[in-house]
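Everything below concerns the one structure shown next.
Number of protein chains: 2
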Amino acid sequence: MSLRYALLAILRVGPLSGYELQKQFSQSVGHVWHAPDSQIYPELRKMEQDGLIEAEEQIRGERGRRRLYHVTDAGDRAFLDWMNSPMDYQRVRDPAHLRAAYLETVSPDVAREFFRAHIEQWERELEQWRGELARIESLTNPILVRRLQVTADEDRDATIAFKLLAYEGLVEHALTETAWGRRGLELLDRLSRRDGGAGSG
Amino acid sequence: MSLRYALLAILRVGPLSGYELQKQFSQSVGHVWHAPDSQIYPELRKMEQDGLIEAEEQIRGERGRRRLYHVTDAGDRAFLDWMNSPMDYQRVRDPAHLRAAYLETVSPDVAREFFRAHIEQWERELEQWRGELARIESLTNPILVRRLQVTADEDRDATIAFKLLAYEGLVEHALTETAWGRRGLELLDRLSRRDGGAGSG
DNA sequence: CCGTTCATGTAAAGAGTTACATGATTCG
DNA sequence: CGAATCATGTAACTCTTTACATGAACGG
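Sequence order for the protein chains is B and D.
Under UniProt numbering, the first residue of the first sequence carries the number 1, and numbering increases by one thereafter.
Under UniProt numbering, the first residue of the second sequence carries the number 1, and numbering increases by one thereafter.
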């Protein structure tokens, strides 16, 4: 149910069309909460039905149309209610660590490839999140800039600080994963040395 | 789609009923991949239809029945195929970090409670995983023991080593999260000192 | 006979993924 | 006129959650 609140978080700063929202989304919150356009458009419609947002239908050219959404008071309240409610943590579901626990069933090469891919995957995420951190620090993230324009002076530091903290947490997670992947590769080295060196005789 | 393979991983060691499977599951793999019984029973039926497992229906008492499942050759192949296929990583979807990025919209007390709950949540997971690590090291995990009984001598070290590595990775993740939560609390302290101390004047 | 454990599910709804589908505007 | 971008969805499917539902065997 977080998609709705992720969308509200962005829309609260100012009105956007579904298309713009989707773009902004994939650049900012999308790094924390991915959603494809096929999920965003229907969700916006549902939010409109629930009275959380309202659309201003605009005409582009002869037949083109564009729905500019803005948050209603009810939507604002819904967002703040969510922010003030306790988190419900989902149970852990970690396919990579699940698979890692059974790597003795595959060849060393496949196991090695598994860890290599794991490291690569998390290095990609790392890059994304570090990029986002840099854009927050340098105030070049357009959404953040727009947000700061509607934020009281004394709240600006906190606004930036929380965003930095959030992305730092993600970066730390990614670093934990890449480090783990490298330990996996080291384990494979040890196991192959043992097999290759002393052998069973 | 990992549930199916998590179930196969356990069943491969030896036949179990849905009920036993569910118990074992919640004790071992369930720490990495949670599934409630209402998901396990139907999945077993589907796996049976797909020919990955077979049931031996047993009668208990007058009307009680019990389906003892075992993995077929096709099921064994399916598991190994999965293990040998590349992982498909899901996009990140992290409600806690999403929320953290917007904590400036709530009171310091609520923000503090958020981080406290985050630390508590991950300390619970930490405890689970450390317990599992201990049970692997001391060979008191019944599934692992059964597995080792059907494992060739020279593969036992690797079997244990991969399981240790998997749970160590989860432990490290949990530690990263608790550390992040504590940094969140420190940030709140700094922000409140600044507001309380210097104020805006 | 009563509580615990064993035992197996169904039904409905919600969340997310993937593939498909369409068309307008704008810039060169 | 063609390509890129703007713009908005639907449909089908899979996965997961939550709530509901039932009853037998066994130990005391």
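Idealized CB from N, CA, C, for every residue including glycine.
Only a predicted model underlies this, so the values are computations on that prediction, with no experimental measurement involved.
- Task: Determine the direct distance from the alpha carbon of residue 183(D) to that of residue 177(B), and round the result to whole angstroms.
- Result: 20 Å
- Under 9 Å from the C-beta of residue 87(D): neighbouring residues of chain B: 95, 96, 99, 114, 117, 118 and 121
- With a CB to CB cut of under 8 Å and the five nearest residues on each side skipped, what residues in its chain are close to residue 163(D)? 136 and 144
- Neighbourhood of residue 119(D) by C-beta distance below 6 Å, restricted to the same chain and skipping five residues each side: 178 and 181
- Message: DSSP has residue 56(D) in a bridge; who is on the other side?
- Response: 68(D)
- In chain B, what lies closer than 7 Å to residue 163(D) by C-beta? 101
- Identify each residue in the segment 182-194 of chain B for which the Cβ-Cβ distance to at least one residue of chain D is less than 9 Å, and report them in chain order. 183, 184, 187, 190, 191 and 194
- Spell out the partners DSSP gives residue 180(D) in its beta bridges. The partner list for residue 180(D) (beta bridge, DSSP) is empty, contrary to what the question assumes.
- With a cut-off of 8 Å on the beta carbons, I'd call residue 80(B) and residue 33(B) a contact; round off their distance for me. With 8 Å as the limit, residue 80(B) and residue 33(B) do not qualify as a contact, their Cβ atoms being about 18 Å apart.
- Query: Applying a beta-carbon distance threshold of less than 7 Å, which residues of chain B neighbour residue 104(D)?
  - Reply: 155, 158, 159 and 162
- Kindly indicate which residue of 58(B), 15(B), 19(B) and 35(B) has the alpha-carbon position closest to the one of residue 6(B). 35(B)
- Message: At a CB distance below 7 Å, what residues from the segment 67-92 of chain D approach chain B? Give them in sequence order.
- Response: 80, 83, 84, 86, 87, 89, 91 and 92
- DSSP on residue 2(D), reduced to helix/strand/coil? helix
- Query: Sorry if obvious, but does the Cβ on residue 92(B) come closer than 6 Å to a heavy atom of the ligand GDP?
  - Reply: As presented, the structure is devoid of all ligands, the ligand GDP included, so that no description of it is given.
- Query: Around the Cβ of residue 11(D), are there at least 16 other Cβ atoms within 10 angstroms (buried) or fewer (exposed)?
  - Reply: buried
- Whole alpha helix (DSSP H) runs in the segment 92-129 of chain B with 4 or more residues, listed along the chain? 95-100
- Message: Suppose you measure from the CA of residue 70(D) to the CA of residue 114(B); what does that come to, to the nearest Å?
- Response: 28 Å
- Query: Buried or exposed: where does residue 40(D) fall if 16 or more other Cβ atoms within 10 Å of its Cβ makes it buried?
  - Reply: buried
- Message: By the three-class DSSP mapping on this structure, what secondary structure does residue 138(B) have?
- Response: coil
- Query: Going by alpha carbons, who is nearest to residue 166(D) out of 38(B), 20(B), 103(B) and 30(B)?
  - Reply: 103(B)
- Task: Please look up how many angstroms separate the CB atoms of residue 206(D) and residue 141(D), rounded, as I've assumed it's under 8 Å.
- Result: Within the shown structure, residues of chain D are numbered from 1 to 201, placing residue 206(D) beyond reach of any answer.
- Could you tell me whether the Cβ atoms of residue 86(D) and residue 192(D) are closer together than 7 Å? no
- At least one CB of chain D closer than 7 Å to the CB of residue 204(B): is that the case? For chain B, the structure presents residues 1 to 201; residue 204(B) sits outside this window and is missing.
- Message: Distance check for residue 25(B) and residue 149(D), CA to CA, integer angstroms please.
- Response: 51 Å
- Note the first and the last residue of the continuous alpha helix (DSSP H) segment covering residue 73(B). 73-84
- Task: Step through the CB atoms of chain D and report whether any lies within less than 7 Å of the CB of residue 134(B).
- Result: no
- residue 156(B) versus residue 187(D): straight-line alpha-carbon distance, rounded: 14 Å
- Candidates 49(B), 17(B) and 122(B), of which the one nearest residue 68(B) by Cα: 17(B)
- Message: Using only the alpha-carbon positions, how far apart do residue 171(D) and residue 169(B) sit?
- Response: 16 Å
- Sheet register partners of residue 17(B) (DSSP bridge): 68(B)
- What residues in its chain sit with their C-beta under 8 Å from that of residue 48(D), if we drop five residues either side in the sequence? 54, 55 and 69
- Between the Cα of residue 133(D) and those of 19(D), 31(D), 60(D) and 59(D), spot the shortest distance and give me the residue it belongs to. 31(D)
- Checking contacts by CB at 7 Å: is residue 172(B) closer than that to chain D? yes
- Minimum C-alpha distance to residue 74(B) - residue among 93(B), 59(B), 97(B) and 50(B): 50(B)
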